[in-house]
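Residue numbers (numbering that gives the first Met the number 0): 0 to 483.
Glycine residues also receive a C-beta, built at the ideal position from the N, C-alpha and C atoms.
Reading through the structure tokens given below for one structure.
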Amino acid sequence: METTVSSTTNQAQMAADIIKKLYDQANTIISSANSVNLKPIDMGAMGKFPYNWHLNNDTNFNAATYDWINKNTIISDNNNLVSSQDLFTNLYLKVISAISFSYSTQDSKTLADAIVNSQAKSTSLVTEWKMTYGSVPQVKNGEQVIDAITEFILQNWTTQKGVTLKQVQDAIDTDALFDNLPATGATILPAFVDYVSSLGNAAGLIDTSSLSNGTIRRIKNALLSASPNNGGIVRTDNASTSPLVYSPAFDVTTRVEDIALGLKNTNANNTVNLNMVMSNFSDNTADVVVNNATYNGVDLGWLFDVGVGTDVNYYKETVVKSSSQITVSMQFTGVTLVEYGPTEFDLVNNKGWYDPTPILEAKKNGTNDVTGFKYSGGQDFTQFGFSTAVAIANYPTISVTIHSKDYDKLAKHFDAEQNYHVSSMCGGDTASGKVAYSKTDLTIDTANQSFTIKLGAPQGSTFETGLDARAFVMGIQTNFPIPK
Numbered sequence: 000m001e002t003t004v005s006s007t008t009n010q011a012q013m014a015a016d017i018i019k020k021l022y023d024q025a026n027t028i029i030s031s032a033n034s035v036n037l038k039p040i041d042m043g044a045m046g047k048f049p050y051n052w053h054l055n056n057d058t059n060f061n062a063a064t065y066d067w068i069n070k071n072t073i074i075s076d077n078n079n080l081v082s083s084q085d086l087f088t089n090l091y092l093k094v095i096s097a098i099s100f101s102y103s104t105q106d107s108k109t110l111a112d113a114i115v116n117s118q119a120k121s122t123s124l125v126t127e128w129k130m131t132y133g134s135v136p137q138v139k140n141g142e143q144v145i146d147a148i149t150e151f152i153l154q155n156w157t158t159q160k161g162v163t164l165k166q167v168q169d170a171i172d173t174d175a176l177f178d179n180l181p182a183t184g185a186t187i188l189p190a191f192v193d194y195v196s197s198l199g200n201a202a203g204l205i206d207t208s209s210l211s212n213g214t215i216r217r218i219k220n221a222l223l224s225a226s227p228n229n230g231g232i233v234r235t236d237n238a239s240t241s242p243l244v245y246s247p248a249f250d251v252t253t254r255v256e257d258i259a260l261g262l263k264n265t266n267a268n269n270t271v272n273l274n275m276v277m278s279n280f281s282d283n284t285a286d287v288v289v290n291n292a293t294y295n296g297v298d299l300g301w302l303f304d305v306g307v308g309t310d311v312n313y314y315k316e317t318v319v320k321s322s323s324q325i326t327v328s329m330q331f332t333g334v335t336l337v338e339y340g341p342t343e344f345d346l347v348n349n350k351g352w353y354d355p356t357p358i359l360e361a362k363k364n365g366t367n368d369v370t371g372f373k374y375s376g377g378q379d380f381t382q383f384g385f386s387t388a389v390a391i392a393n394y395p396t397i398s399v400t401i402h403s404k405d406y407d408k409l410a411k412h413f414d415a416e417q418n419y420h421v422s423s424m425c426g427g428d429t430a431s432g433k434v435a436y437s438k439t440d441l442t443i444d445t446a447n448q449s450f451t452i453k454l455g456a457p458q459g460s461t462f463e464t465g466l467d468a469r470a471f472v473m474g475i476q477t478n479f480p481i482p483k
């Protein structure tokens, strides 16, 4: 069934429709072999996808790829996916920095009572520590001396990771639990065990607070001070700095070699097609049928233009004005899925940075009198998202059929040239928005007063091995920590 858009076409709506048509085909191809949920998206300034996220044995992350996948994804007013200019890492840091852990009124009382009841045991432990070592471990902001000693023992006197106060209370053999106890700690450990036992039920509350605050602290550190220790990576634009500059990590699970193989699969069943038929030309506008949908009064300079050799105006000044119909067919071959995402936070090993749990819990808790994460900002959570996969394809091969009373003259002009520059609403690669193409064939149909020229996909942009290699975007999979 043909759809008609009357009057002068809204370019933004037409672009969204065309993106949707490309997406529908790509999604059919991708979903047949992958469990993904792709959505059409207007990439805006993000443009095409830099698919060589690293080169050969170089482990440095392609800066262009990093910037592309780090763009925040939002839902527009008309419910379409678009990319914003904000970086997801920055927005995530803003949100996570506004989240803190707090106790409910009841749990605060339980903890306060426990502190009073354990005061003697706490003082005894601190005294024993000072007698042994002379000074206490470094006390962080908001901590008490007893907190610093507790953290030091749990992190250094056992080879197990993530040991809690509750585990200490429940331990049958504390000597086995603290298997890395130094000789100097022999008199301190009993005092520590006594102190932990005196906390009673408050031990679990302290564990929860330590875990929660530790999570927020380590996530912020991984974002603000990325390093090898917390899983940071080096981008290609920072590979020569001294000292090396690290960035919060993203993981790409699709190998560069597999991406290249996918793009080289040019079979028809791995190809997306776009067909445009233009007619009723007037003042560089036309009525256009795109995959059975009709649009009136379309700006041809925006929709499709081709520079013939060095003559950048020949198509729109001569060809369009003398033609009755022009058909443009594009074939986007090598539809391929690339999967990636922010490196998830690993508390035990202190690696990575992304964890939606604090955000989800803060959203759920709101202003209720409960123990857990609370949020103090005014962030619109629905405009807070990132992509986790992208369907890409090669630059299209293009076939242009021109119907004109001057077809023979026009065909000779086209045939005399080998190089062309194409621009379209699909986007270009240069400041002028044009992409270099070369002629692969030209045939004349005298009976229909037409000729067809075929343009090959640019060699400099397909199956490239460099960091600048790009591919068309057919759709993305998104993740919104707080669903709309």
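Report task. Could you check if S6 is buried or exposed, using at least 16 other CB atoms within 10 Å of its CB as the buried criterion? Result -> Taking the first residue of the sequence shown as 1, we reach residue 6 at position 7. Reliability fails at S6, whose pLDDT of 45 lies under 50, so the model's placement of it is uncertain and no value is given.
Requested in this report: Could you tell me the distance, in whole angstroms, from the CA atom of N264 to the CA atom of D257?
Outcome: Position 265 of the sequence shown holds residue 264. Position 258 of the sequence shown holds residue 257. Pairing N264 with D257, the inter-Cα distance amounts to about 11 Å.
Requested in this report: Compare the Cα-Cα distances from N89 to each of T335, N220 and I145 and report the closest residue.
Outcome: Within the sequence shown, numbered from 1, the residue matching residue 89 stands at position 90. The candidate whose alpha carbon is nearest that of N89 is N220.
Report task. Check whether the Cβ atoms of L466 and N61 sit closer than 8 Å, and answer yes or no. Result -> Start at 1 with the first residue of the sequence shown, and residue 466 comes out as number 467. Start at 1 with the first residue of the sequence shown, and residue 61 comes out as number 62. Contact: yes.
**Report entry** Sufficient close CB pairs (3 or more, under 8 Å) joining the region 91-109 to the region 360-372
**Finding:** The answer is yes - the region 360-372 touches the region 91-109, with three or more Cβ pairs under 8 Å.
Query raised in the report: If you compare alpha carbons, which of S117, L176, E127 and V311 is closest to V195?
Result: Position 196 of the sequence shown, counted from the start, is the residue given in the question as residue 195. For the residues S117, L176, E127 and V311, the minimum Cα distance to V195 belongs to S117.
Requested in this report: State buried or exposed for T356, treating a residue as buried only when at least 16 other CB atoms are found within 10 Å of its CB.
Outcome: If you number the sequence shown from 1, residue 356 lands on position 357. A residue is called buried once 16 or more other Cβ atoms fall within 10 Å of its Cβ, and T356, having fewer, is exposed.
Report task. Count the other C-beta atoms from every protein chain shown that fall within 10 angstroms of the C-beta of T366, then say buried if there are 16 or more, exposed otherwise. Result -> The count along the sequence shown starts at 1 and reaches residue 366 at position 367. Classified as exposed, T366 has fewer than 16 neighbouring CB atoms from the shown chains inside 10 Å of its CB.
**Report entry** Separation of M13 from G161, as counted between CA atoms
**Finding:** Sequence index remark: in the sequence shown, residue 161 carries index 162 (1-based). Sequence index remark: in the sequence shown, residue 13 carries index 14 (1-based). Counting only the Cα atoms, M13 lies some 55 Å from G161.
Query raised in the report: With distances taken between CB atoms, is the gap from N274 to N295 smaller than 8 Å?
Result: For the purposes of this step, residue 274 is identified with residue 275 of the sequence shown, where counting begins at 1. For the purposes of this step, residue 295 is identified with residue 296 of the sequence shown, where counting begins at 1. No, the pair does not count as a contact, with Cβ atoms beyond the cut-off.
Query raised in the report: So is V337 buried or exposed if we call it buried at 16+ other beta carbons inside 10 Å?
Result: For the purposes of this step, residue 337 is identified with residue 338 of the sequence shown, where counting begins at 1. With a 10 Å radius around the Cβ and a threshold of 16 neighbouring Cβ atoms, V337 comes out buried.
Query raised in the report: With distances taken from CA atoms, which of E416, V297, L409 and A470 is nearest N9?
Result: As a first step, residue 9 must be located in the sequence shown, where it is residue number 10. Here the closest residue by C-alpha is V297.
Query - Bridge-paired residues (DSSP) for E338 - result: On the sequence shown, position 339 is the one that residue 338 refers to. In the DSSP output, where bridge partners are listed per residue, E338 has A388.
Query raised in the report: F87 lies in the alpha helix (DSSP H); which residues open and close that run?
Result: If you number the sequence shown from 1, residue 87 lands on position 88. From DSSP, the alpha helix (DSSP H) with F87 extends over F87 to S96.
**Report entry** Option nearest V94 by Cα separation, candidates A259, I218, A25 and L164
**Finding:** Start at 1 with the first residue of the sequence shown, and residue 94 comes out as number 95. It is I218.
Query raised in the report: How many angstroms separate the CA atom of I28 from the CA atom of L260?
Result: Counting from 1 along the sequence shown, the entry for residue 28 is found at position 29. Counting from 1 along the sequence shown, the entry for residue 260 is found at position 261. I28 and L260 have their alpha carbons spaced roughly 16 Å apart.
Report task. Enumerate, from N- to C-terminal direction, the unbroken alpha helix (DSSP H) stretches of 4 or more residues contained entirely within the region 213-241. Result -> With a minimum length of 4 residues, no continuous alpha helix (DSSP H) run stays inside the region 213-241.
Query raised in the report: Roughly how many angstroms separate the alpha carbons of D16 and Y339, rounded to a whole number?
Result: Stepping through the sequence shown from its first residue, residue 16 is reached at position 17. Stepping through the sequence shown from its first residue, residue 339 is reached at position 340. Approximately 27 Å, taken between the alpha carbons.
Query raised in the report: Mapping DSSP to helix, strand and coil, what is I481?
Result: Position 482 of the sequence shown holds residue 481. Correct three-state label for I481: coil.
Query raised in the report: To which residues does DSSP link D345 through a beta bridge?
Result: In the sequence shown, residue 345 corresponds to position 346, counting from 1. D345 is bridged to K350.
Report task. Using the Cα positions of Q324 and S422, report the straight-line distance between them to the nearest angstrom. Result -> Within the sequence shown, the letter at position 325 stands for residue 324. Within the sequence shown, the letter at position 423 stands for residue 422. Cα to Cα, Q324 sits roughly 19 Å from S422.
Query raised in the report: Among residues of its own chain, excluding the 5 on either side of F303, which ones have a beta-carbon nearer than 6 Å to its beta-carbon?
Result: Taking the first residue of the sequence shown as 1, we reach residue 303 at position 304. Contacts found: V327 and S423.
Query raised in the report: So does the region 382-391 actually touch the region 408-419, counting three or more Cβ pairs closer than 8 Å?
Result: The region 382-391 vs the region 408-419: no contact.
Query raised in the report: Taking Cβ positions, are L299 and N283 nearer each other than 8 Å?
Result: Here residue 299 corresponds to residue number 300 of the sequence shown, with the count starting at 1. Here residue 283 corresponds to residue number 284 of the sequence shown, with the count starting at 1. A contact, by the Cβ cut-off of 8 Å.
Query raised in the report: Excluding the five sequence neighbours on either side, which residues of its own chain have a C-beta within less than 8 Å of the C-beta of N478, listed in chain order?
Result: Counting from 1 along the sequence shown, the entry for residue 478 is found at position 479. G340, G384, F385, S386 and T387.
Report task. Find the nearest neighbour of M277 within the set D112, I401 and K38, judged by alpha-carbon distance. Result -> For this step, residue 277 is matched to residue 278 along the sequence shown. The residue among D112, I401 and K38 with its C-alpha nearest the C-alpha of M277 is I401.
**Report entry** For V135, three-class secondary structure by DSSP
**Finding:** If you number the sequence shown from 1, residue 135 lands on position 136. Here V135 sits in coil by DSSP.
**Report entry** Own chain, CB closer than 7 Å to T109, minus 5 neighbours either side, in chain order
**Finding:** Translated into the one-based positions of the sequence shown, residue 109 becomes position 110. For T109, same chain residues with a beta-carbon under 7 Å away, outside a window of 5 residues either side, are N200, A201 and L204 in chain order.
**Report entry** Per-residue DSSP class, three states only, for I29
**Finding:** Residue mapping note: residue 29 aligns to position 30 of the sequence shown, counting from 1. Assignment of I29 by DSSP, reduced to helix, strand and coil, places it in the helix class.
Query raised in the report: Once you ignore the five residues that flank I145 on each side, which residues in its own chain have a CB closer than 8 Å to its CB?
Result: Within the sequence shown, numbered from 1, the residue matching residue 145 stands at position 146. Taking I145 as the centre and dropping the five residues before and after it, the same chain places the C-beta of S121, L124, V125 and Y194 closer than 8 Å to its C-beta, in chain order.
Report task. Work out the CA separation of F471 and D66 for me, nearest whole Å. Result -> Taking the sequence shown and counting its residues from 1, the one referred to as residue 66 is at position 67. Taking the sequence shown and counting its residues from 1, the one referred to as residue 471 is at position 472. Rounded to the nearest whole angstrom, the CA to CA distance from D66 to F471 is 16 Å.
Query - Straight-line Cα distance separating L54 from S31 - result: For this step, residue 31 is matched to residue 32 along the sequence shown. For this step, residue 54 is matched to residue 55 along the sequence shown. Their backbone Cα atoms lie some 29 Å apart in a straight line.
Query raised in the report: So, G333 versus T342, is the Cβ gap smaller than 8 Å?
Result: Here residue 333 is taken as the residue at index 334 of the sequence shown, counted from 1. Here residue 342 is taken as the residue at index 343 of the sequence shown, counted from 1. Cβ atoms of G333 and T342: not closer than 8 Å.
Requested in this report: Please work out which residues of its chain come closer than 8 Å, Cβ to Cβ, to L176, disregarding the five sequence neighbours upstream and downstream, and give them in chain order.
Outcome: For this step, residue 176 is matched to residue 177 along the sequence shown. When the five nearest sequence neighbours on each side are left out, the beta carbons in the same chain lying within less than 8 Å of the beta carbon of L176 are those of T157, Q159, V162, Q166, V167 and A170, in order along the chain.
Requested in this report: Count the other CB atoms, across all protein chains shown, that sit within 10 Å of the CB of G141; report buried if there are 16 or more and exposed otherwise.
Outcome: To locate residue 141, count along the sequence shown from 1; it is residue 142. By the 16-neighbour rule on beta-carbons within 10 angstroms, G141 is exposed.
Query raised in the report: Since P49 sits in a beta bridge, which residues does DSSP pair it with?
Result: In the sequence shown, residue 49 corresponds to position 50, counting from 1. BP columns for P49 point to R469.
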